[in-house]
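Each number in the numbering used here comes from the position in the sequence shown (counting from 1) with 33 added on.
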Amino acid sequence: MTSHAAVVARGMGTPCVAGAGDIRVDMAARTFKVAGTVVKEGDVITLDGGTGECFLGAVPTIQPELTGDFATLMEWVDTIRTLKVRANAETPTDAATARQFGAEGIGLCRTEHMFFAPERIIAVREMILASDEKGRRAALAKLLPFQRQDFTDLFLIMQGLPVTIRLLDPPLHEFLPHTDAEIEEVAKAAGVDAAVVKARNVALYESNPMLGHRGCRLGITYPEIYEMQARAIFEAAVFVSRDTGRTVTPEIMIPLVSAKKELDLLKASIDKIANAVFTESAYQLKYMVGTMIELPRAALLAHEIAETAEFFSFGTNDLTQTTFGMSRDDSGPFIGVYREKGIYEHDPFAQLDQQGVGELVKIASERGRSTRPGLKLGICGEHGGDPSSIAFCQKVGLDYVSCSPYRVPIARLAAAQAALGDASGSGMH
Numbered sequence: 034m035t036s037h038a039a040v041v042a043r044g045m046g047t048p049c050v051a052g053a054g055d056i057r058v059d060m061a062a063r064t065f066k067v068a069g070t071v072v073k074e075g076d077v078i079t080l081d082g083g084t085g086e087c088f089l090g091a092v093p094t095i096q097p098e099l100t101g102d103f104a105t106l107m108e109w110v111d112t113i114r115t116l117k118v119r120a121n122a123e124t125p126t127d128a129a130t131a132r133q134f135g136a137e138g139i140g141l142c143r144t145e146h147m148f149f150a151p152e153r154i155i156a157v158r159e160m161i162l163a164s165d166e167k168g169r170r171a172a173l174a175k176l177l178p179f180q181r182q183d184f185t186d187l188f189l190i191m192q193g194l195p196v197t198i199r200l201l202d203p204p205l206h207e208f209l210p211h212t213d214a215e216i217e218e219v220a221k222a223a224g225v226d227a228a229v230v231k232a233r234n235v236a237l238y239e240s241n242p243m244l245g246h247r248g249c250r251l252g253i254t255y256p257e258i259y260e261m262q263a264r265a266i267f268e269a270a271v272f273v274s275r276d277t278g279r280t281v282t283p284e285i286m287i288p289l290v291s292a293k294k295e296l297d298l299l300k301a302s303i304d305k306i307a308n309a310v311f312t313e314s315a316y317q318l319k320y321m322v323g324t325m326i327e328l329p330r331a332a333l334l335a336h337e338i339a340e341t342a343e344f345f346s347f348g349t350n351d352l353t354q355t356t357f358g359m360s361r362d363d364s365g366p367f368i369g370v371y372r373e374k375g376i377y378e379h380d381p382f383a384q385l386d387q388q389g390v391g392e393l394v395k396i397a398s399e400r401g402r403s404t405r406p407g408l409k410l411g412i413c414g415e416h417g418g419d420p421s422s423i424a425f426c427q428k429v430g431l432d433y434v435s436c437s438p439y440r441v442p443i444a445r446l447a448a449a450q451a452a453l454g455d456a457s458g459s460g461m462h
């Protein structure tokens, strides 16, 4: 349930079961077989993305609603908790769903998810295929209006609530075409031969892309990407602030930082774009630039990084991967065995490992605030919706947790329970 596919699907309110290795697919017969059961193309099956169970046939479902006694309970919960609860969202539907479930802002907007729409992916691929900066900027200019509208929609839905926007994070090869038809389409749009596209695919291939050319490393090597995104954010924020009269304070998050110098360079670039937009529009607004703490080195050097970063958001999905040296997409076959043998009490991707990963969160929080008292701290990994992990966040002194929109009610309840636990431990009632 913590594979990347399942996490993204859950954020869209769609059940996903990943790692079902016992399934045998017969492409010729258009069937798959598992445990003696044959399922034909067109048969209905029902998935429970939380438990991983699959049912043959249609299981009656209902749309969850915050009404009646549950709504009353949630009102009580909100008077008790001290942790804010935000949502991971980047589409208007996700953002509206999150607000419906009581989210107090967006804690993680993953901008790369905005790039895959058909009218955008061609421009993204043109940018990747460009042979020089001029070509990349020309392609990015096509993306700017889309990004500006994306952020305008989010700011309008959130009505002045905080929105943390993570600049482009994944390696570029994720956006490249793979089928011959896609390669031909991209080559035609870019005005190059299909062989050029295939060669670029090979050139961008990475043996271990999650530890490769991604995150802030993209912003350092191709600064024009983050410049386009920053301009889109500021232009959208100015428009919404002016149009609605509501204060919009964008929180721009730089991913995968491991050294203060990376953040220094990128923040200077963002500040430059902000000043340009404010001058052009004759309108000023406040904004914050912070970083995602998802590498052990960043956690240990948090006191230095906090000299530049105005907030930290703990990306515990990747922090767990980089601390354990274990991929959440590939750990399924052995995590169960490790739990059976008592090596791990819980799946560390589902429930925060407080001894190791949690200790890094604690160290980074303390060191960051030693440099910048009052530093805003949040968590935006899937652990942000897990009750035991939320209790840990309360104990460490984080300001908010952020989780998938559909997990917001659980997070609100868990935050209230954590607050009561804290009060009980300190002799308060």
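Even glycine gets a Cβ: it sits at the ideal position worked out from N, Cα and C.
Item to complete: Compute the beta-carbon to beta-carbon distance between S435 and G417, rounded to the nearest angstrom, for a pair I have assumed lies under 8 angstroms.
Response: Locating residue 435 in the sequence shown gives position 402, counting from the first residue. Locating residue 417 in the sequence shown gives position 384, counting from the first residue. Contact holds; Cβ gap of about 5 angstroms.
Practice prompt. Pull up the distance between the alpha-carbon of C49 and that of A449, whole angstroms please.
Written response: Here residue 49 refers to the residue found at position 16 when the sequence shown is read from its first residue. Here residue 449 refers to the residue found at position 416 when the sequence shown is read from its first residue. Per the coordinates, the alpha-carbon of C49 lies some 29 angstroms from the alpha-carbon of A449.
Discussion item. Are there any heavy atoms of the ligand COA lying less than 6 angstroms away from the beta-carbon of G135, as far as the coordinates show?
Written reply: The ligand COA is absent from the structure shown, which contains no ligands of any kind.
Worksheet item: What does D59 pair with, by DSSP beta-bridge criteria?
Response: As a position in the sequence shown, residue 59 is number 26, starting the count at 1. Paired residue(s): T64.
Practice prompt. Measuring alpha carbon to alpha carbon, tell me which of F149, P125, S403 and E145 ends up nearest G138.
Written response: As a working mapping, residue 138 is identified with position 105 in the sequence shown. Ranking the options by Cα distance to G138, first place goes to P125.
Worksheet item: Looking at the unbroken alpha helix (DSSP H) that takes in L333, where does it start and where does it end?
Response: By one-based count along the sequence shown, residue 333 stands at place 300. Taken as a continuous stretch (DSSP letters only), the alpha helix (DSSP H) holding L333 covers P329 to L333.
Item to complete: Please report how far the alpha carbon of S403 lies from the alpha carbon of H336, in whole angstroms.
Response: For the purposes of this step, residue 403 is taken as the residue at position 370 of the sequence shown. For the purposes of this step, residue 336 is taken as the residue at position 303 of the sequence shown. Cα to Cα, S403 sits roughly 7 angstroms from H336.
Worksheet item: Going by the beta-carbon positions, is the gap between A466 and A227 smaller than 7 angstroms?
Response: Residue coverage of the chain in this structure runs from 34 to 462, which leaves residue 466 outside it and unanswerable.
Item to complete: Take L205 as the anchor and find which of L187, G252 and Q182 has the nearest alpha-carbon.
Response: As a first step, residue 205 is located in the sequence shown; it is residue number 172 there, counting from the start. Of all alpha-carbon atoms in L187, G252 and Q182, the one lying nearest the alpha-carbon of L205 is that of G252.
Practice prompt. Classify A91 as helix, strand or coil using the three-state DSSP reduction.
Written response: The residue given as residue 91 occupies position 58 in the sequence shown. Coil at A91, not helix or strand.
Worksheet entry | Residues near V58 in its chain [Cβ-Cβ closer than 7 angstroms; skip 5 each side] | Residue 58 sits at position 25 when you count from the first residue of the sequence shown. Residues F65 of the same chain have their beta carbon placed closer than 7 angstroms to that of V58, with the five preceding and five following residues left out of the count.
Worksheet item: So does the region 183-199 actually touch the region 134-150, counting three or more Cβ pairs closer than 8 angstroms?
Response: Under the three-pair Cβ rule at 8 angstroms, the region 183-199 counts as touching the region 134-150.
Fill in: At least three beta-carbon pairs within less than 8 angstroms, the region 348-357 to the region 413-430
Between the region 348-357 and the region 413-430, the count of Cβ pairs shorter than 8 angstroms is three or higher; the stretches touch.
Discussion item. For V390 and T353, I'd like the C-alpha separation in whole angstroms.
Written reply: Position 357 of the sequence shown holds residue 390. Position 320 of the sequence shown holds residue 353. Their Cα atoms are separated by approximately 6 angstroms.
Practice prompt. List the endpoints of the continuous beta strand (DSSP E) containing T469.
Written response: Because the chain spans 34 through 462 in this model, residue 469 falls outside it and cannot be assessed.
Worksheet item: Does the region 263-272 come close enough to the region 314-332 that 3 or more CB-CB pairs lie under 8 angstroms?
Response: As far as the Cβ criterion goes, the region 314-332 touches the region 263-272, which means the pair count is three or higher.
Worksheet item: Given that a residue counts as buried once 16 or more other Cβ atoms are within 10 Å of its Cβ, and exposed if not, what is G248?
Response: Residue numbering aside, residue 248 sits at position 215 when the sequence shown is read from its first letter. So G248 ends up on the buried side.
Item to complete: Report buried or exposed for D183, applying the criterion of at least 16 other Cβ atoms within 10 angstroms of its Cβ.
Response: In the sequence shown, counting from the first residue as 1, residue 183 sits at position 150. It counts as buried.
Fill in: Every unbroken alpha helix (DSSP H) inside the region 348-407 [4 residues or more]
Within the region 348-407, the complete alpha helix (DSSP H) segments of 4 residues or longer fall at 349-357, 365-373 and 390-404, listed in chain order.
Item to complete: Answer yes if the region 372-390 comes into contact with the region 354-361, meaning at least three C-beta pairs across the two stretches below 8 angstroms, and no otherwise.
Response: The count of Cβ pairs closer than 8 angstroms, one atom from the region 354-361 and one from the region 372-390, reaches three, so the stretches are in contact.
Worksheet item: So what's C413 in DSSP terms, helix, strand or just coil?
Response: By one-based count along the sequence shown, residue 413 stands at place 380. C413 sits in coil when the DSSP states are folded into three classes, being neither helix nor strand.
Item to complete: Taking the CB atoms as reference points, tell me whether T130 and P438 lie closer together than 7 angstroms.
Response: As a first step, residue 130 must be located in the sequence shown, where it is residue number 97. As a first step, residue 438 must be located in the sequence shown, where it is residue number 405. Cβ atoms of T130 and P438: closer than 7 angstroms.
Item to complete: Kindly list the residues whose CB is nearer than 8 angstroms to the CB of T212, restricted to its own chain and excluding five residues on each side of it in sequence; keep chain order.
Response: By one-based count along the sequence shown, residue 212 stands at place 179. Excluding positions up to five away in sequence, the list is empty.
Practice prompt. Quick one: measure Cβ to Cβ for S274 and L244, integer angstroms, because I've assumed they're closer than 8 angstroms.
Written response: On the sequence shown, position 241 is the one that residue 274 refers to. On the sequence shown, position 211 is the one that residue 244 refers to. Not a contact, Cβ separation roughly 39 angstroms.
Worksheet entry | Extent of the continuous beta strand (DSSP E) to which L141 belongs | Locating residue 141 in the sequence shown gives position 108, where the first residue counts as 1. L141 -> beta strand (DSSP E) spans I139 to R143.
Worksheet item: Terminal residues of the continuous alpha helix (DSSP H) containing L222?
Response: On the sequence shown, residue 222 is found 189 positions in, with the first residue counted as 1. For the sequence presented, residue 222 should be read as Ala rather than Leu. Unbroken alpha helix (DSSP H) run through A222: D213 to A223.
Discussion item. Cutting at 7 angstroms between CB atoms, please list the residues of its own chain near L298, excluding the five before and the five after it.
Written reply: As a first step, residue 298 must be located in the sequence shown, where it is residue number 265. I253.
Item to complete: Kindly give me the distance between the Cβ atoms of V310 and R264, rounded to whole angstroms, as I take these residues to be in contact under 8 angstroms.
Response: One-based indexing of the sequence shown puts residue 310 at position 277. One-based indexing of the sequence shown puts residue 264 at position 231. About 6 angstroms; that satisfies the 8 angstroms criterion.
Worksheet item: The beta strand (DSSP E) with C426 in it runs from where to where?
Response: Working through the sequence shown from its first residue, we reach residue 426 at position 393. Here C426 belongs to no beta strand (DSSP E); instead the alpha helix (DSSP H) covers P420 to V429.
Item to complete: Quick one: grab the DSSP three-state call for N121.
Response: As a first step, residue 121 is located in the sequence shown; it is residue number 88 there, counting from the start. If DSSP states are grouped into helix, strand and coil, N121 belongs with the strands.
Worksheet item: On the premise that G82 lies in contact with R43, defined as a C-beta separation below 8 angstroms, what is that separation, rounded to the nearest angstrom?
Response: Residue numbering aside, residue 43 sits at position 10 when the sequence shown is read from its first letter. Residue numbering aside, residue 82 sits at position 49 when the sequence shown is read from its first letter. The C-beta separation of R43 from G82 comes to about 6 angstroms, placing the pair in contact by the 8 angstroms criterion.
Worksheet item: If you draw a straight line from the alpha carbon of A301 to that of Y255, how long is it in whole angstroms?
Response: As a working note, residue 301 is residue 268 in the sequence shown. As a working note, residue 255 is residue 222 in the sequence shown. Spanning the two alpha carbons is a distance of roughly 15 angstroms.
Discussion item. Based on DSSP bridge pairs, tell me the residues matched to C535.
Written reply: Because the chain in this structure spans residues 34 to 462, residue 535 falls outside the shown range and cannot be described.
Fill in: Limits of the alpha helix (DSSP H) - the one that L80 falls within
Indexing the sequence shown from 1 puts residue 80 at position 47. Element bounds for L80: not the alpha helix (DSSP H) but the beta strand (DSSP E), I78 to L80.
Discussion item. Using 7 angstroms as the threshold, is the C-beta distance between E257 and L201 below it?
Written reply: To locate residue 257, count along the sequence shown from 1; it is residue 224. To locate residue 201, count along the sequence shown from 1; it is residue 168. No, they are not a contact pair.
Worksheet item: Is it true that the CB of L177 sits closer than 7 angstroms to the CB of S261?
Response: What you label residue 261 is simply residue 228 of the sequence shown in a count that begins at 1. What you label residue 177 is simply residue 144 of the sequence shown in a count that begins at 1. Reading off the sequence shown, one finds Met at residue 261, where the question assumed Ser. L177 is positioned such that its CB atom lies closer than 7 angstroms to that of M261.
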